[in-house]
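Quick note on the working numbering: the sequence shown kicks off at 96 and runs consecutively.
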Amino acid sequence: MGLTGGIASGKSFVARLLAEYGAVIIDADVLAREVVSSGTIGLAKIVQVFGDQV
Numbered sequence: 096m097g098l099t100g101g102i103a104s105g106k107s108f109v110a111r112l113l114a115e116y117g118a119v120i121i122d123a124d125v126l127a128r129e130v131v132s133s134g135t136i137g138l139a140k141i142v143q144v145f146g147d148q149v
């Protein structure tokens, strides 16, 4: 199941409720931040393409 919606539409609230019932939550925002965090290959590739002003 995918959970989408605008800013402040209750996605995190619904995700917490689903998790309480045993659902596995995969948060794309968290994954995206991990991929481009300081020192990662993802960030290095972005800097390589767009420059260090990113």
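Every residue, glycine too, gets a C-beta built ideally from N, C-alpha and C.
So residue i and residue j are supposed to be a Cβ contact under 8 angstroms. How far apart are they, rounded?
i: I120; j: A127; result: Contact flag wrong, Cβ pair sits at about 15 angstroms.
i: V149; j: I136; result: Their Cβ separation, rounded to whole angstroms, is 15 angstroms, which puts V149 and I136 out of contact at 8 angstroms.
Identify the continuous alpha helix (DSSP H) that holds residue i and give its terminal residues.
i: I136; result: I136 to F145
i: S107; result: K106 to E115
i: K130; result: According to the sequence provided, residue 130 is Val. The question's Lys does not apply to it. That run of the alpha helix (DSSP H) goes A123 to V130.
Spatial neighbours of residue i within its chain, please: C-beta separation below 6 angstroms, excluding the five flanking residues on both sides.
i: L138; result: V131
Excluding the 5 residues flanking residue i on each side, which residues of the same chain have their C-beta closer than 7 angstroms to its C-beta?
i: F145; result: none
i: L123; result: A quick correction: the sequence has Ala, not Leu, at residue 123. So the list is empty, once near-sequence residues are dropped.
i: G100; result: K106
Looking only at C-alpha atoms, which of the options sits nearest to residue i?
i: A118; options: Q143, G97 and D147; result: G97
i: G134; options: D122, A123 and D147; result: D147
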